[in-house]
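**Student:** Structure incoming, see below.
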Amino acid sequence: QVPVVESGGGLVQPGGSLRLSCAASGSILSINAMGWYRQAPGKQRELVALISSGGSTTYADSVKGRFTISRANAKNTVYLQMNSLSPEDTAVYYCRVFTTSPYAYWGQGTQVTVSS
């Protein structure tokens with residue numbers, strides 16, 4: 009069973025919207041914060057947004073006001089609503105699931121391409 013599975017990526021035109029989902033399997037115990045990272049070609053992986061178990065959020069400056077992170081604790085799921093997308097948002101988006109232990113999980117990534 010894959011511990012973390014993302015979905016919702018795809019091709020969208022500039023100015024469009026996408027919603028990413030990430031589901032953590034029930035085998036992951038004591039989930040704490042959940043987050044989204046992205047990696048564009050030739051660049052380092054960077055934080056996009058984080059949400060704590062209590063709902064506090066953190067965003068990269070580049071996405072503030074455009075992206076919204078949320079979570080459904082009962083479903084071990086985190087979402088990323090992305091609006092006003094630009095070509096600079098093109099990247100592979102990865103989900104990260106933190107636990108109360110030092111261990112954290114990565115998803116396999118989902119491609120987001122913003123192009124006309």
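Take 9 as the starting number for the sequence shown in the numbering used here and just add one per residue. Positions of the beta carbon are idealized from the N, C-alpha and C atoms, including for glycine.
(1) Hey, quick one: how far does the beta strand (DSSP E) through Ile-36 stretch, first residue to last?
(2) Can you grab the Cα-Cα spacing for the pair Cys-30 / Leu-93, in whole Å?
(3) Using a Cβ-Cβ cutoff of less than 8 Å, which residues in the same chain neighbour Arg-27 once the five nearest sequence positions on both sides are dropped?
(4) Mind checking who Arg-79 pairs with in its DSSP beta bridge?
(5) Can you name the start and end residues of the beta strand (DSSP E) that Val-119 belongs to?
**Tutor:** This is what the structure holds:
(1) Taken as a continuous stretch (DSSP letters only), Ile-36 belongs to no beta strand (DSSP E), as it is neither H nor E.
(2) 19 Å
(3) Gly-16, Tyr-87, Leu-88, Gln-89 and Met-90
(4) Val-86
(5) Checking the sequence, you will find Gln at residue 119 rather than Val. Element bounds for Gln-119: 118-122.
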